[in-house]
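**Q** Pasting a structure here, questions to come.
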Amino acid sequence: MSNTKPAKENIYEIIYEIVRTVPKGRVTTYGAVAAAIGVKSGARMVGYAMNSCAGLKPAVPAHRVVNRNGMLTGKHHFSPPEKMEQLLKKEGVKVKDDIVVDFEQLFWDPVKELL
DNA sequence: TACCTGACGGGCC
DNA sequence: GGGCCCGCCAGGT
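Encoded structure:
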């Protein structure tokens with residue numbers, strides 16, 4: 007059937023695809039990705055998907071995904087956790103105190119781009 | 001099988 | 001203006 011909504015089995019793949027669509031030097035939020043997949047208030051699910059993307063190929067730039075406050079809440083899930091801010095800094099994103107500097111300026115809305 | 005936790009967000013008091 | 005609570009979905013124990 008013309009399922010306008012993808013099977014929940016693809017939800018994770020959709021999330022990974024969107025996260026991979028984030029350009030280098032930019033960052034997005036869980037809520038933005040959740041809204042992009044059509045799951046409102048599903049930010050939790052997005053974060054959970056990130057945890058499942060560890061060691062997944064192709065690699066998902068989960069380090070470009072931060073919470074609404076621009077804080078690297080999921081850095082503790084990296085190995086080592088410093089890898090997250092290291093990658094961000096390496097891409098030109100300034101991170102201080104586990105928070106993305108000028109986050110709103112580097113914020114990249116997948117919904118806006120996908121539209 | 002059922003309960004609880006978990007990378008969050010938003011609304012309400 | 002700040003703090004607290006609830007809601008979402010899935011996976012693990």
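Okay, so the first sequence: first residue is 7 according to the numbering used here, each after it adds one. Ideal placement from N, C-alpha and C gives every residue a C-beta, glycine not left out. Only a predicted model underlies this, so the values are computations on that prediction, with no experimental measurement involved.
Taking the CB atoms as reference points, tell me whether Tyr18 and Ser47 lie closer together than 8 Å.
**A** No, the Cβ-Cβ distance between Tyr18 and Ser47 is not below 8 Å.
**Q** Exposed or buried, which one is Arg70 when buried takes at least 16 other CB atoms within 10 Å?
**A** Under this definition Arg70 is a buried residue.
**Q** How long is the line joining the alpha carbons of Leu94 and Phe109, rounded to whole angstroms?
**A** 12 Å
**Q** Could you check how far apart the C-beta atoms of Ala40 and Met51 are, in whole angstroms? I think they sit under 8 Å.
**A** 7 Å
**Q** Using CA atoms only, rank isn't needed, just tell me which of Arg74, Glu91, Val45 and Gly44 is closest to Pro67.
**A** Comparing Cα positions, the closest option is Glu91.
**Q** Residues in the same chain with beta-carbon distance under 6 Å from Asp115, minus the five sequence neighbours each way, listed in chain order, please.
**A** Ala38
**Q** From this set, Ala60, Ala49 and Lys118, which residue's C-alpha is nearest Pro86's C-alpha?
**A** That would be Ala60, whose Cα lies nearest to the Cα of Pro86.
**Q** Please work out which residues of its chain come closer than 6 Å, Cβ to Cβ, to Phe84, disregarding the five sequence neighbours upstream and downstream, and give them in chain order.
**A** The residues are Met90.
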